[in-house]
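Here the protein sequences come in this chain order: L and G. Note that full-length UniProt numbering has the first sequence beginning at 1, numbered continuously upward. Note that full-length UniProt numbering has the second sequence beginning at 1, numbered continuously upward. Here a beta-carbon is modelled for each residue, glycine too, at the ideal position from N, C-alpha and C. Just so it is clear, the structure is predicted and the values come from calculations on it, not from any experiment.
Protein chains: 2
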Amino acid sequence: MWKSSEGWSMRHALMLSLALNVWLLLRLAHEREYNLGTDENFRGFCTEEKASSFLSNSTSNSSAIDEFDDDQGRVINLDHGDPTMYESYWRQAGDKTTVVISGWQAMSYFSDVRNICWFLEPELAKEVIRLHKIVGNAVTEGRHIVAGTGSTQLFQAALYALSYGGTEPISVVSATPYYSFYRQVVEYMKSGLYKWAGDASSFNEDKPYIELITSPNNPDGFMRQPVVNRSKGMLVHDFAYYWPQYTPITSPADHDIMLFTVSKCTGHAGMRIGWALVKDEEIARRMTKYIELSSIGVSKDSQFRAAKIVKAVSDSCEHAYDSNFFEVSYHVMSQRWSRLRDAVKKSGMFSTPKFPPAFCKYSNRTFGTQPAFAWLKCEGDIEDCESFLRDHKILTRSGKHFGMSPKYVRISMLDQDSNYDLFTKRLSAMRS
Amino acid sequence: MWKSSEGWSMRHALMLSLALNVWLLLRLAHEREYNLGTDENFRGFCTEEKASSFLSNSTSNSSAIDEFDDDQGRVINLDHGDPTMYESYWRQAGDKTTVVISGWQAMSYFSDVRNICWFLEPELAKEVIRLHKIVGNAVTEGRHIVAGTGSTQLFQAALYALSYGGTEPISVVSATPYYSFYRQVVEYMKSGLYKWAGDASSFNEDKPYIELITSPNNPDGFMRQPVVNRSKGMLVHDFAYYWPQYTPITSPADHDIMLFTVSKCTGHAGMRIGWALVKDEEIARRMTKYIELSSIGVSKDSQFRAAKIVKAVSDSCEHAYDSNFFEVSYHVMSQRWSRLRDAVKKSGMFSTPKFPPAFCKYSNRTFGTQPAFAWLKCEGDIEDCESFLRDHKILTRSGKHFGMSPKYVRISMLDQDSNYDLFTKRLSAMRS
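Structure representation (structure tokens):
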């Protein structure tokens, strides 16, 4: 970032000084009550019904909320995909990802006015391209990068760009089970640009449509291809989970609109940074316009920080095998999935999907997808798996929100160790 | 922020170390080509037509873009309100506003799950309340704070919350001249929740409506009150400019929904941080829901930084008269307005509004509003003031975008000194 020609000694002094900062910050952090990402009682962005029912439960039964002294009384919230699992990696990674921003920096709305996406920080763009090249999970040549406040905003930017100028609302479809948030996001503005048309498998109109393809899929983890395959289709590929800790990287994805996010790649959900790789210039321009109208760009501070984190991931891949971010994360996911399958086997009440093994060109390893969410099915008589698990103080998201049966639930696999341990312990102990 | 019980010596060490960082960063920054906020050729978020015409100009006439050696050939873009004027204050303020964030911090989606606005950082909430109390520009007691990616996102959150559950699109009105962005933002999603109904002065339907009141007003700088005053009205007050560098603080604003932003208060537009003070709990809940659906919350990094900057402003008000942020900024604005009025007088081709003096309870000073935008009118035969100024390589925004005559233009008063100097120099030299 610093283009100083003679500043080597100062740079070194700065690095030393930063290292001192980080050491001091870490020391202080251990002493204070650090309440970010460690409160297990969060109630936010569940599905609407879930949030309100949990809130009413919590009012009538405060023990479910406030008792922490007994693990058996503790509510484990695995409803959403808060990726706090990654915190321990970044703690160990130390100071190289510490960001320092002075009060006078980054004040303007603008980042690079010669770029279509005028609010995209060039450093973030550079690091995103570098990471994709290292991992080999997406083609970046000849693509425009559009930054977003998470991929949620980019998904809406894509819908806006693809439906722009239409005479009637365009149908938006996704094959079940689909990400529960998609439907809410498509519907909440009652937009005249697009409308939710449900399961892609049953879409058979001879009209333009937009198909959303999440691969690996949220919630069930399977690799996905478009299912409608009609001539008037436009595709949006959500690759939030197409990273080598979750799934074999079989080839660089090469599609018109591809969405990525740091939330599920590096675990930095609080940054709210995502990016789209977009083939068509006019679509990139319209997506940029959407983000201008929605929020006049994207936080520069988080873009700086994202650039630094993404750089650290790439550096770890190139220079340090034992602390290679994807290797470390792959092993955590592998262990978690192994423990989940053991618990499911012990209990005998549930089932989980089986994923075919494939060769990962990034890691040179053959393995089956180990998704960020477990798509758990209650076998036998239990019709409402979410309620059943709720009675065991495990909060999950019902299959009904994903266009499927309530016999299914989606469970986050990315929570902190203590929660994950307790979850698998409780699951193994359940008997019908 | 740090609740260490024994960490005083470490805190001091940290402060020393941070000071060293800042000094080193400043030294390095002077050596590198720093391109944030200093490129005068930005093309982003103008009005759609403006952007494209400027882009085509720039293609056909590269001298307007690339020649910097002759000030007369330099394009001055005062179209938008990029508040880069404030950069010099924050450079002088030094290290106390430097933010340091480690790689493992702020990873979760959640900030405070016991708050309605679960993504609001408690530190930002605390500093926002403190600043309002010091300045006396808004009532904070009994209000819910909702954070947003700038007040642009909060404005849309307010529309969503107020129109929620209606059976037909609710009319959104604002008295002319109104902020040009409002209309675009209301219309771009073709929402079934609300629709643009234009000038509030001519609204006379006996139906629910939402009136937007910007005070001081963008573009013309006048203090505003609601103009429709019918029984079924809901009001959104945009107080982006209700700060003592721009206008006398006559009393704490006390309305149902009040929007603020750091962009125009402290000049940190690149942070994209705004906040709403909301009286009704259900409205605050729905606004929060909107921001969840729009972007799953707001950058934590920028919230941390905003908290630090807002704290520094409050500290400067309480402890340091000579570097009091609002005092320094008031005097800059005062000088700029004085120079603009001189230039207008010398030229004889233009006019600007006159603002009645009022007593400011914050500064104990009587003065007239000195707005962040100048609402300039071309007198005489010039019908298209924007084109006329464009011929002099001054980019402004035409009155037609604000629902007014093209004889008017809106001109940013918050650009950097070098641009502002050149602008007033050119203006004074113009003769009919």
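How is the beta strand (DSSP E) around residue i delimited, first residue to last?
i, result
"L/Lys425", "Not the beta strand (DSSP E): L/Lys425 falls in the alpha helix (DSSP H), residues 417-429."
"L/Glu211", "209-214"
"G/Tyr160", "Unbroken run through G/Tyr160 is the alpha helix (DSSP H), 150-163; no beta strand (DSSP E)."
Less than 8 Å between CB atoms is the rule here; does residue i satisfy it with respect to chain G?
i, result
"L/Met258", "no"
"L/His401", "no"
"L/Thr352", "no"
"L/Arg91", "yes"
"L/Thr149", "yes"
"L/Tyr86", "yes"
"L/Ile101", "yes"
"L/Phe222", "no"
"L/Ala161", "no"
"L/Gly198", "no"
"L/Ser295", "yes"
"L/Gln184", "yes"
"residue 449 of chain L", "Chain L is shown only over 1 to 432; residue 449 of chain L falls outside these bounds and no answer can be derived."
"L/Leu36", "Note that L/Leu36 scores 29 on pLDDT, short of 50, meaning its location in the model is unreliable; the coordinates nonetheless yield the value given after this. So yes, L/Leu36 belongs to the interface."
"L/Asp391", "no"
"L/Lys345", "no"
"L/Ala106", "yes"
"L/Ser302", "yes"
"L/Phe110", "yes"
One question on the structure: do residue i and residue j come within less than 8 Å of each other, judged by their Cβ atoms?
i, j, result
"L/Tyr290", "L/Tyr160", "yes"
"L/Phe155", "L/Asp280", "no"
"G/Ala175", "G/Ala200", "yes"
"G/Val278", "G/Ile257", "yes"
"L/Met430", "L/Met349", "yes"
"G/Trp375", "G/Pro353", "yes"
"L/Tyr86", "L/Gly267", "yes"
"G/Asp95", "L/Arg305", "no"
"G/Ala147", "G/Leu120", "yes"
"G/Phe373", "G/Met413", "yes"
"G/Met287", "G/Ala269", "no"
"L/Ile129", "L/Ala284", "no"
"L/Ser108", "G/Thr84", "yes"
"G/Ser314", "G/Ser323", "no"
"L/Phe423", "L/Leu131", "no"
"G/Asn89", "G/Phe367", "Per the sequence shown, residue 89 of chain G should be read as Tyr rather than Asn. Cβ atoms of G/Tyr89 and G/Phe367: not closer than 8 Å."
Determine the closest residue to residue i out of the options, with distance taken between C-alpha atoms.
i, options, result
"L/Gln416", "L/Gly81, L/Gln72, L/Asn324", "L/Gly81"
"L/Asn364", "L/Met333, L/Thr98, L/Tyr86, L/Glu327", "L/Glu327"
"G/Phe388", "G/Lys407, G/Phe402, G/Ser171, G/Gly274", "G/Lys407"
"L/Asp220", "L/Phe304, L/Ser432, L/Arg410, L/Thr424", "L/Arg410"
"G/Ser428", "G/Ile129, G/Ala343, G/Lys377", "G/Ala343"
"G/Phe203", "G/His392, G/Ile170, G/Asn217", "G/Ile170"
"L/Glu168", "L/Arg339, L/Lys195, L/Arg183", "L/Lys195"
"G/Val173", "G/Leu235, G/Arg114, G/Ile134", "G/Leu235"
Quick one: does residue i have its CB under 8 Å from some CB of chain L?
i, result
"G/Gln72", "no"
"G/Met234", "no"
"G/Tyr179", "no"
"G/Lys190", "yes"
"G/Ser56", "The pLDDT assigned to G/Ser56 is 29, lower than 50, so where the model puts this residue is not dependable; a value taken from the coordinates is nonetheless given after this. No, G/Ser56 lies away from the interface with chain L (no Cβ there is under 8 Å from its Cβ)."
"G/Ile411", "no"
"residue 517 of chain G", "Summary: the structure shown does not reach residue 517 of chain G, with chain G confined to residues 1 through 432, and so no result is reported for it."
"G/Gln153", "yes"
"G/Asp417", "no"
"G/Tyr420", "no"
"G/Ser299", "yes"
"G/Thr47", "Residue placement at G/Thr47 is flagged as unreliable, the pLDDT there being 45, under the threshold of 50; the coordinate-derived value follows with that caveat. No - not a single Cβ of chain L is within 8 Å of the one on G/Thr47."
"G/Ile309", "yes"
So the alpha helix (DSSP H) residue i belongs to, where does it begin and stop?
i, result
"L/His401", "Segment: none, L/His401 is in no alpha helix (DSSP H) and carries neither H nor E."
"G/Met333", "325-347"
"L/Ile283", "281-295"
Closer than 8 Å is the cut-off here; do at least three beta carbon pairs connect the segment 357-367 of chain L with the segment 389-401 of chain L? no
Measuring CB atoms only, is the segment 201-209 of chain L touching the segment 246-266 of chain L, in the sense that at least three cross pairs come out at less than 8 Å? no
Counting Cβ pairs, one atom from each stretch, are 3 or more of them under 8 Å apart for the segment 296-311 of chain G and the segment 260-267 of chain G? yes
If contact is defined by three or more beta carbon pairs under 8 Å, each pair taking one atom from either stretch, is the segment 219-236 of chain G in contact with the segment 185-192 of chain G? no
Three or more beta-carbon pairs under 8 Å between the segment 124-131 of chain L and the segment 100-108 of chain G, yes or no? no
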